[in-house]
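**Q**
Protein chains: 2
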Amino acid sequence: MSSTHDNAPIGVFDSGVGGLTVAREIMRQLPDESLIYFGDTARVPYGTKSKDTVIRYSRQIVNFLLSKNVKAIVVACNTASALAMSKLQKEYIVPMIGMVRPGAIAATRATKNQHIGIIGTNATIKSGQYGRYLRELNPEVTVVTKACPMFVPLVEEGLIDDRITEDMVSRYLREFDQYHIDSLILGCTHYPLLQNPIKNFVGETVTLINPAYETAKSLKELLKERKIAAESGHAAEYEYYVSDMEDQFLTFADRVLPCHVENVQPIDIEKY
Amino acid sequence: MSSTHDNAPIGVFDSGVGGLTVAREIMRQLPDESLIYFGDTARVPYGTKSKDTVIRYSRQIVNFLLSKNVKAIVVACNTASALAMSKLQKEYIVPMIGMVRPGAIAATRATKNQHIGIIGTNATIKSGQYGRYLRELNPEVTVVTKACPMFVPLVEEGLIDDRITEDMVSRYLREFDQYHIDSLILGCTHYPLLQNPIKNFVGETVTLINPAYETAKSLKELLKERKIAAESGHAAEYEYYVSDMEDQFLTFADRVLPCHVENVQPIDIEKY
């Protein structure tokens, strides 16, 4: 291995299975990188928890991932990115990337009228973290936010193309009407799965921003900068760990990921 | 204190705030008894978790309640009652009462045609525990079950009298039509809050069974049998503990309980 490369795996974690959509994007954009995925399926969801609890849970997961010798960590959960990442970055030297900053960058790039909408869990919206990054990138931006707590249960119940989901989408998003946003950040890993009903409601003039794509791109830049990208042609290996419900994880992973997932290992995350 | 009384508190626990409806029923029927309530608001919900995880979490809570010197424990959560209680009863000598057996007794008493419906979380329904108790009480009974995973999020979003909730009620419960049930067990502490839309859908011929009332009644009998009821006129004291989100707990408790709740204490339940 040359001194400008590192074939160690990247740690990716989420409160549950939603972060697999981020893992998928990393697999596509960085095919040489090995991944260790952890989904906190025992303690999901994070979006209804307090900041202190999300920090404590995220810290346990970072400790677990470090025990697997990861070279970088992707916080593939908007809530953990918004509530815990800045704290964890002060506690650990391992490089970390969250969803919020890359999502904000993508929205700043997409908007023409500087009116940006953000939807997410209660905790993510309450944190105001997306707004802070957006205003840092462009102090002139108008930010409109809305928590959509029913979206995750609807996705998990499989009610994607359903009149109930259309009804909830219209209730949550009609508040944006008066603000004339032209970009909408899907600030929760489950929300891109509701892209169709959201698109139908907001119309073609609003660009939907999925932070996953931009997160993988930022990761690529970070690995290059720090000279820790895997060697070209390195045979990537993927490992999956969860805190509960292995079978459900496998079913979801097989639907989302480009590769077949044969094995997932249960972890008692409270020990880390 | 006479030797046939014990003024020590009763421990009551739930995955979150729903168990307060059971605490309320105990306060009404057993006004002399002190209570220690614990709501696992950090790790709620239990209804989507595996049996092993629900057992592990329940064990930590029992350990915490025992550190408060409770004389008996009420498992005021249908999922924990169905998945963890029989295991915990083998591990601990403290008397325990769950929701499932009292709920089954109440349904057996209410039904005339011996066709009983049960609704609950995925985990409660999958466990088959209500059915086992019902058939133990009456081997001739016909049991029809349906998991209703959207009901808890709908209640927590405050969508009680809402067309979306009516729509979900009708989707979940129309399967009961062909079975001619005359009693329906509301097998999750949140469900009695949806009593109106459920009643509207199933009609007057179906009796809705709320296990909370029967659980408090069974507790009363247990305390009497074991000679550990509080002395008549004992000044009951109530203490509340949660693993997260104290403010939300106080708001909900004030709405549900007959007394004003001034104080709730956060606990790191993973340490027990």
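Taken in order, these protein sequences are the chains called E and F.
Positions 829 to 1100 (our numbering) are the ones given, in order, by the first sequence.
Positions 829 to 1100 (our numbering) are the ones given, in order, by the second sequence.
We put the beta carbon where it would ideally sit given N, CA and C, even for glycine.
1. According to DSSP, is residue 1023 (chain E) part of a helix, a strand, or is it coil?
2. The beta strand (DSSP E) that contains residue 912 (chain E), what's its start and end?
3. Are the region 878-889 of chain E and the region 900-916 of chain E touching, with three or more C-beta to C-beta distances below 8 Å?
4. Given a limit of 8 Å on CB to CB distance, which residues of the region 1013-1038 of chain F reach chain E?
5. Considering Cα atoms alone, identify which of E:977, E:1083, E:1075 is closest to residue 1093 (chain E).
6. Going by beta-carbon coordinates alone, are residue 945 (chain E) and residue 1019 (chain E) separated by less than 9 Å?
7. Which runs of the alpha helix (DSSP H) fall wholly inside the region 934-962 of chain F and span at least 4 residues, in chain order?
8. Look up residue 1040 (chain F) in the DSSP assignment and say whether it is helix, strand or coil.
9. Taking beta-carbon pairs under 7 Å, can you tell me which members of the region 857-886 of chain F lie near chain E?
10. Is the beta carbon of residue 935 (chain E) less than 9 Å from the beta carbon of residue 962 (chain E)?
11. Would you mind reading off the limits of the alpha helix (DSSP H) that contains residue 1004 (chain E)?
12. Output the distance between the C-alpha atoms of residue 998 (chain F) and residue 1027 (chain F), rounded to the nearest integer angstrom.
13. What residue from E:848, E:1081, E:975 has the CA that sits closest to residue 1003 (chain E)'s CA?
14. Confirm, please, whether the CB-CB distance from residue 1097 (chain F) to residue 856 (chain F) is below 9 Å.
15. With burial defined as no fewer than 16 other Cβ atoms inside 10 Å of the residue's Cβ, what is the status of residue 895 (chain F): buried or exposed?
16. Who are the neighbours of residue 992 (chain E) on chain F, taking C-beta pairs under 8 Å?
17. Taking the alpha carbon of residue 1047 (chain F) as the point to measure from, which residue in F:1030, F:893, F:903, F:1088 has its own alpha carbon closest?
18. Under three-state DSSP, which class holds residue 974 (chain E)?
19. When you compare each of F:954, F:1088, F:899 to residue 1052 (chain F) by their alpha carbons, which one comes out closest?
20. CB-CB under 8 Å to residue 940 (chain E), same chain, minus the five flanking residues each way: which ones, in chain order?
21. Please classify residue 877 (chain E) as buried or exposed, where buried requires at least 16 neighbouring CB atoms within 10 angstroms.
22. For residue 927 (chain E), which residues of its own chain have a beta-carbon under 6 Å away from its beta-carbon, when the five flanking residues on both sides are left out?
23. Reducing DSSP to helix, strand and coil, say where residue 1015 (chain E) ends up.
24. Starting from the Cα of residue 933 (chain F), find the closest Cα among F:1032, F:1071, F:1008, F:1045 and give me that residue.
25. Which of the three DSSP states, helix, strand or coil, is assigned to residue 868 (chain F)?
26. Under 6 Å Cβ to Cβ from residue 868 (chain F), same chain only, skipping five residues before and after it: list those, please.
27. Measure from the alpha carbon of residue 891 (chain E) to the alpha carbon of each residue in E:931, E:840, E:846, E:879, then state which is nearest.
28. Comparing C-alpha positions only, which one of E:1100, E:977, E:1055, E:931 sits nearest to residue 1035 (chain E)?
29. Output the boundary residues of the alpha helix (DSSP H) element that contains residue 1009 (chain E).
30. Residue 978 (chain E) touches chain F at which residues, Cβ-Cβ below 7 Å?
31. Anything in chain F within Cβ reach of residue 1072 (chain E), meaning under 7 Å, just list it in chain order.
32. On the DSSP bridge list, what partners appear for residue 1094 (chain E)?
33. Identify which residue in E:853, E:1000, E:836, E:861 has its Cα closest to the Cα of residue 1061 (chain E).
34. Looking at the unbroken beta strand (DSSP E) that takes in residue 851 (chain F), where does it start and where does it end?
35. With DSSP as the reference, label residue 996 (chain F) as helix, strand or coil.
36. Based on the DSSP secondary-structure assignment, which residues constitute the bridge partners of residue 924 (chain E)?
**A** According to the structure data:
1. Position 195 of the first sequence holds residue 1023 (chain E). If DSSP states are grouped into helix, strand and coil, residue 1023 (chain E) belongs with the helices.
2. As a position in the first sequence, residue 912 (chain E) is number 84, starting the count at 1. First-last for residue 912 (chain E): undefined, no H or E at that position.
3. yes
4. none
5. Indexing the first sequence from 1 puts residue 1093 (chain E) at position 265. Measuring from the Cα of residue 1093 (chain E), the nearest candidate turns out to be E:1075.
6. For the purposes of this step, residue 945 (chain E) is taken as residue 117 along the first sequence, with counting starting at 1. For the purposes of this step, residue 1019 (chain E) is taken as residue 191 along the first sequence, with counting starting at 1. No; because the gap between Cβ atoms is not below 9 Å, this pair is not in contact.
7. 950-955
8. Counting from one through the second sequence, the residue named residue 1040 (chain F) turns up at place 212. Helix.
9. 870, 871, 877, 878, 881
10. Taking the first sequence and counting its residues from 1, one reaches residue 935 (chain E) at position 107. Taking the first sequence and counting its residues from 1, one reaches residue 962 (chain E) at position 134. Cβ atoms of residue 935 (chain E) and residue 962 (chain E): closer than 9 Å.
11. What you label residue 1004 (chain E) is simply residue 176 of the first sequence in a count that begins at 1. No alpha helix (DSSP H) holds residue 1004 (chain E); DSSP gives it neither H nor E.
12. Reading the second sequence from its first residue, position 170 is the one you call residue 998 (chain F). Reading the second sequence from its first residue, position 199 is the one you call residue 1027 (chain F). So the alpha carbons of these two residues sit roughly 11 Å apart.
13. Indexing the first sequence from 1 puts residue 1003 (chain E) at position 175. Of the candidates E:848, E:1081, E:975, the one whose C-alpha sits nearest the C-alpha of residue 1003 (chain E) is E:975.
14. Counting from 1 along the second sequence, the entry for residue 856 (chain F) is found at position 28. Counting from 1 along the second sequence, the entry for residue 1097 (chain F) is found at position 269. Their beta carbons are not under 9 Å apart, which means residue 856 (chain F) does not touch residue 1097 (chain F) by this criterion.
15. As a first step, residue 895 (chain F) must be located in the second sequence, where it is residue number 67. By the 10 Å Cβ count, residue 895 (chain F) comes out exposed.
16. Position 164 of the first sequence holds residue 992 (chain E). Chain F residues near residue 992 (chain E): 992, 995, 996.
17. Here residue 1047 (chain F) refers to the residue found at position 219 of the second sequence. Closest option to residue 1047 (chain F), Cα to Cα, is F:903.
18. Mapped onto the first sequence, residue 974 (chain E) falls at position 146. Here residue 974 (chain E) sits in strand by DSSP.
19. Indexing the second sequence from 1 puts residue 1052 (chain F) at position 224. When each option's Cα is compared against that of residue 1052 (chain F), the closest is F:899.
20. By 1-based counting over the first sequence, the position of residue 940 (chain E) is 112. Once the five neighbours on either side are set aside, the close Cβ partners of residue 940 (chain E) are 1010.
21. Residue mapping note: residue 877 (chain E) aligns to position 49 of the first sequence, counting from 1. By the neighbour-count rule (16 or more Cβ atoms within 10 Å), residue 877 (chain E) is buried.
22. On the first sequence, position 99 is the one that residue 927 (chain E) refers to. Closer than 6 Å at Cβ, skipping near neighbours: 906, 909, 1039, 1043.
23. As a working mapping, residue 1015 (chain E) is identified with position 187 in the first sequence. Of the three classes helix, strand and coil, the one that applies to residue 1015 (chain E) here is strand, per DSSP.
24. In the second sequence, the residue the question calls residue 933 (chain F) occupies position 105. If we check each option's Cα against that of residue 933 (chain F), F:1045 comes out closest.
25. Within the second sequence, residue 868 (chain F) is the residue found at index 40, counting from 1. DSSP places residue 868 (chain F) in coil when its eight states are reduced to three.
26. To locate residue 868 (chain F), count along the second sequence from 1; it is residue 40. Correct list, in chain order: 843, 1071.
27. Position 63 of the first sequence, counted from the first residue, corresponds to residue 891 (chain E). For residue 891 (chain E), the nearest C-alpha among the options comes from E:840.
28. Taking the first residue of the first sequence as 1, we reach residue 1035 (chain E) at position 207. Of the candidates E:1100, E:977, E:1055, E:931, the one whose C-alpha sits nearest the C-alpha of residue 1035 (chain E) is E:931.
29. The sequence position of residue 1009 (chain E) within the first sequence is 181, counting from 1. Run containing residue 1009 (chain E): none; DSSP gives neither H nor E here.
30. Here residue 978 (chain E) corresponds to residue number 150 of the first sequence, with the count starting at 1. Near residue 978 (chain E) (Cβ distances below 7 Å), the residues of chain F are 981, 985.
31. Along the first sequence, one-based indexing puts residue 1072 (chain E) at 244. Here the neighbours are 877, 878, 881.
32. Counted from its first residue, the first sequence places residue 1094 (chain E) at position 266. Bridge partners of residue 1094 (chain E): E:1070.
33. In the first sequence, the residue the question calls residue 1061 (chain E) occupies position 233. Among E:853, E:1000, E:836, E:861, the Cα nearest to that of residue 1061 (chain E) belongs to E:861.
34. Here the question's residue 851 (chain F) lines up with position 23 in the second sequence. No beta strand (DSSP E) holds residue 851 (chain F); the alpha helix (DSSP H) holding it covers 848-857.
35. Numbered from its first residue, the second sequence carries residue 996 (chain F) at position 168. Note: residue 996 (chain F) maps to helix in three-state DSSP.
36. In the first sequence, residue 924 (chain E) corresponds to position 96, counting from 1. Answer by DSSP bridge pairing, in chain order: E:901.
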